[in-house]
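Colleague: Sharing a structure here in structure tokens format.
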Amino acid sequence: MRWRDRGLTAILDRGPRRARRPAATTRKMESTMKLPISGLSGLGLCLLASAALAQDAGDPDAGERDFRQCRSCHSILGPDGEAIVKGGQVGPNLYGVDGRQAGTVEGFNYSDDMVAAGEQGLMWNLEDFTPYVQGPSGFLQDYTGDGSARGKMTFRLRNAEQAPDIWAYLVSVGPDGGS
Ligand code: HEC
């Protein structure tokens, strides 16, 4: 392993789980760069690679601010019930939502369609979270293949760019946060 690979991996290891994906892409790019190509296109590839990394990682600080839109309905309560964010109870606790099967917070009364999506294999991750928060019922229809599916979340995130930041924030306050 060359040092650059190791450096990248170390950075990625600290990011959200999903951020590891671009590492493979980056490695592929690096091996492409061993071919005799011009320095200019090599630079282009580097810029592309770092843009992909920056985009995927999300900014937890910005996400913490953007989470204000969610807290009227969602709290973030840690394992001992301590409030990381004291918010509403209309929606389920979002502590540890990264990798959690959809529709499974005990005692929360989910829509049948959210429970169905979870049973069909929906485990929350950035790729599914992003379209979900922008249009919950539409996402559930796509995911379950049931055109009449309706979720209970009556909120849509208007600014799509905030989704990766909010996700990064949720990961950072979760059980594996910061590791
Ligand atoms: C108006 C209230 C409301 C707001 C605002 C709201 N939610 Fe929700 N959310 C809900 C409800 C209710 C559910 C349960 C959905 C269902 O059962 O179909 C839910 C479910 C979820 C789930 C699925 C959780 C699980 O356990 O499967 C996620 C993730 C989520 N919301 C994220 C967010 C984020 C992030 C925001 C802010 C950008 C937000 N929500 C804003 C009410 C809300």
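Using the UniProt record's numbering, the first residue of the sequence shown is number 1, and each one after it goes up by one. Backbone N, C-alpha and C fix where the C-beta goes; we use that ideal spot for every residue, glycine too.
If you count every other CB in all the chains shown that lies within 10 Å of the CB of G121, and 16 or more means buried, which is it?
Modeller: Here residue 121 refers to the residue found at position 121 of the sequence shown. Its Cβ having fewer than 16 others within 10 Å, G121 is exposed.
Colleague: Since I76 sits in a beta bridge, which residues does DSSP pair it with?
Modeller: Position 76 of the sequence shown, counting from 1, holds the residue named residue 76. Answer by DSSP bridge pairing, in chain order: V85.
Colleague: Distance, Cα to Cα, R21 vs A149?
Modeller: Residue numbering aside, residue 21 sits at position 21 when the sequence shown is read from its first letter. Residue numbering aside, residue 149 sits at position 149 when the sequence shown is read from its first letter. Note that R21 scores 44 on pLDDT, short of 50, meaning its location in the model is unreliable; the coordinates nonetheless yield the value given after this. Near 31 angstroms, if we compare the C-alpha coordinates of A149 and R21.
Colleague: Comparing alpha-carbon positions, which option in Q141, V90 and E119 lies nearest F108?
Modeller: One-based indexing of the sequence shown puts residue 108 at position 108. Out of Q141, V90 and E119, V90 has the C-alpha closest to the C-alpha of F108.
Colleague: How would you label S31, buried or exposed, when you count the other beta carbons within 10 angstroms and need 16 or more for buried?
Modeller: If you number the sequence shown from 1, residue 31 lands on position 31. For S31, the predicted model reports a pLDDT of 48, less than 50, meaning its position is unreliable; a value from the coordinates is still stated below. When all chains shown are included, S31 counts as exposed.
Colleague: Taking 7 angstroms as the threshold (beta carbon to beta carbon), is R68 in contact with chain B?
Modeller: Although the question refers to chain B, the structure presented lacks it and comprises just one protein chain.
Colleague: CB-CB under 6 angstroms to W3, same chain, minus the five flanking residues each way: which ones, in chain order?
Modeller: The residue labelled residue 3 in the question sits at position 3 within the sequence shown. Confidence is the limiting factor: at W3 the pLDDT is only 48, short of 50, which leaves the residue's position unreliable, though a coordinate-based value still follows. Once the five neighbours on either side are set aside, W3 has no close Cβ partner at all.
Colleague: Given a threshold of 16 other Cβ atoms within 10 Å of its Cβ, counted over all protein chains shown, does N159 qualify as buried or as exposed?
Modeller: Sequence index remark: in the sequence shown, residue 159 carries index 159 (1-based). By the 10 Å Cβ count, N159 comes out exposed.
Colleague: Using the Cα positions of P92 and R71, report the straight-line distance between them to the nearest angstrom.
Modeller: Taking the sequence shown and counting its residues from 1, the one referred to as residue 92 is at position 92. Taking the sequence shown and counting its residues from 1, the one referred to as residue 71 is at position 71. Distance between the alpha carbons of P92 and R71 is about 11 angstroms.
Colleague: For the ligand HEC, is there any heavy atom lying closer than 6 angstroms to the beta carbon of G177?
Modeller: As a position in the sequence shown, residue 177 is number 177, starting the count at 1. G177 Cβ: outside cutoff for every heavy atom of the ligand HEC.
Colleague: Rounded to the nearest angstrom, what separates G103 and G174 at their Cα positions?
Modeller: In the sequence shown, residue 103 corresponds to position 103, counting from 1. In the sequence shown, residue 174 corresponds to position 174, counting from 1. Taking the straight line from one Cα to the other gives about 17 angstroms.
Colleague: Nearest to G81 by alpha carbon, out of R68, N125 and G96?
Modeller: Numbered from 1 along the sequence shown, position 81 holds the residue referred to as residue 81. That would be G96, whose Cα lies nearest to the Cα of G81.
Colleague: Please say whether G151 and D113 have beta carbons closer to each other than 7 angstroms?
Modeller: To locate residue 113, count along the sequence shown from 1; it is residue 113. To locate residue 151, count along the sequence shown from 1; it is residue 151. For D113 and G151, yes; Cβs fall inside 7 angstroms.
Colleague: What did DSSP end up calling Q120 once you bin it into helix, strand or coil?
Modeller: Against the sequence shown, residue 120 aligns to sequence position 120. Q120: coil per DSSP, three-state reduction.
Colleague: Leaving out the 5 sequence neighbours to the left and right, which residues in its chain are closer than 6 angstroms to S111 when beta-carbon positions are compared?
Modeller: Along the sequence shown, read from residue 1 onward, the residue named residue 111 stands at position 111. G151 and K152, listed in sequence order.
Colleague: When the Cα atoms are used, what is the spatial distance from Q141 to L126?
Modeller: By one-based count along the sequence shown, residue 141 stands at place 141. By one-based count along the sequence shown, residue 126 stands at place 126. The alpha-carbon atoms of Q141 and L126 are separated by roughly 18 angstroms.
Colleague: Can you find the residues in the same chain that come closer than 7 angstroms, C-beta to C-beta, to G78, ignoring five residues on each side of it along the sequence?
Modeller: Within the sequence shown, residue 78 is the residue found at index 78, counting from 1. If we look at G78 and ignore the five residues flanking it on each side, its Cβ neighbours are I84 and Y95.
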